Amino acid sequence: MSLADTVRDAAERSLRSVLLGLSRRRSLGRLATRLPVARDMVRRFVAGETLEEALVA
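FYI, the numbering for the sequence shown is 1 to 57, going by my numbering.
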């Protein structure tokens, strides 16, 4: 494994940890569903917040 591969792997692990940590913050979830720019992206990638919403999607 080259140095570039090692650095890339470390960066990916770090980014993954940050994104998972952010995903657990309810305040960011509420913000993402209310901001017009983020709301469209959330609707595209998240089927719903409840089982019923996910089944309809």
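Note that beta-carbon positions come from the ideal geometry of N, C-alpha and C, so glycine has one too.
Only a predicted model underlies this, so the values are computations on that prediction, with no experimental measurement involved.
When DSSP labels each residue in this structure, what does G21 get in the three-state scheme?
helix
If you follow the alpha helix (DSSP H) that T33 is part of, which residue opens it and which one closes it?
26-34
Please work out which residues of its chain come closer than 8 angstroms, Cβ to Cβ, to L3, disregarding the five sequence neighbours upstream and downstream, and give them in chain order.
none
Closest Cβ-Cβ distance between A32 and chain C: below 8 angstroms?
Among the chains in the structure shown there is no chain C, since it carries only a single protein chain.
When DSSP labels each residue in this structure, what does S142 get in the three-state scheme?
Any question about residue 142 goes unanswered here, given that the chain covers just 1 to 57.
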